[in-house]
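Following: one structure in structure tokens, then a few remarks.
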Amino acid sequence: MKKWLIALGMMGLATVTYAKGLTSTLYLNNLKADKTVEKQGDELYFAVTEFPSTGKKGSHVLIPAYPMYMQSKHLDKVKDLKLWQKTLQPGQSVELVVSLVEHDVPPWNTDDLIGAFKLQIANKDGKIITRWSKMDKGNHVAQVDGQGDKKAYTLTGEGASYQLNVELK
């Protein structure tokens, strides 16, 4: 009887461990301006929009938070910036749209979208599965399985060109 109780207890622990969610974090490793929108340099921010698979309300976050921004002439100081983080339960997935935007002063001038990429993340059977795609010109699509994905993008728009390296850990 004692052995049965121990065996049942161990099975319960194994089930709890399997059902555990996996945390994924998207980092901007670095960002470089090849060409800016404005001659004096750009004021930049990221807009990160999350669309969950659960039917729950998504989220939209600006990084850095408004009214802050990153100056293009100081991008060499921007390293390992956390753009997004979430724990996904087994079977759960999200779609992220990450946009690089040049900030302008409203109401006379609206912000300029430089470029964007999309990242789909899923917890499938205890493994993080990703699908990355570029959303601006060229529409490059690549699928990479596993955690620790790294991608390099060149985002172009409004006459600007920026190189960025992102990583999902």
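The sequence shown: position 69 = 100 (our numbering), numbered continuously.
Glycine residues also receive a C-beta, built at the ideal position from the N, C-alpha and C atoms.
Everything numeric in this text was worked out from a predicted model, so none of it was measured.
Integer-rounded CB distance, given that residue j should sit under 8 Å from residue i
i, j, result
"Pro-121", "Gly-157", "6 Å"
"Lys-113", "Thr-56", "6 Å"
"Ile-145", "Tyr-193", "6 Å"
"Glu-16", "Leu-127", "Summary: the structure shown does not reach residue 16, with the chain confined to residues 32 through 200, and so no result is reported for it."
Three-state secondary structure assigned by DSSP to residue i
i, result
"Lys-110", "coil"
"Lys-51", "coil"
"Lys-200", "coil"
"His-171", "Low confidence applies here, because His-171 scores a pLDDT of 42, under 50, leaving its location unreliable and the question unanswered by this model."
Residue i classed as buried or exposed, judged by whether at least 16 other C-beta atoms fall within 10 angstroms
i, result
"Asn-140", "exposed"
"Gly-52", "exposed"
"Ala-153", "buried"
"Gly-188", "buried"
"Val-136", "exposed"
"Thr-54", "exposed"
"Asp-73", "buried"
"Asp-180", "buried"
"Val-92", "exposed"
Identity of the residue in the options nearest residue i by Cα
i, options, result
"Met-166", "Lys-155, Asp-180 and Gln-151", "Gln-151"
"Lys-155", "Leu-75, Leu-119 and Asn-60", "Leu-119"
"Lys-108", "Glu-126, Asp-180, Trp-115 and Ala-64", "Ala-64"
"Asn-61", "Asp-142, Ser-103 and Ala-191", "Ser-103"
"Lys-66", "Glu-133, Ala-183 and Trp-115", "Glu-133"
"Val-79", "Lys-117, Gln-71 and Lys-110", "Lys-117"
"Gly-190", "Pro-138, Asp-143 and Val-129", "Asp-143"
Residue-level contact to chain D via CB, residue i, 8 Å cutoff
i, result
"Leu-127", "Absent from the structure is chain D; it holds one protein chain and no more."
Segments of 3+ residues assigned as beta strand (DSSP E) that fall wholly inside the region 60-100: If we require 3 residues or more, the beta strand (DSSP E) runs fully inside the region 60-100 come out as 74-83 and 90-94.
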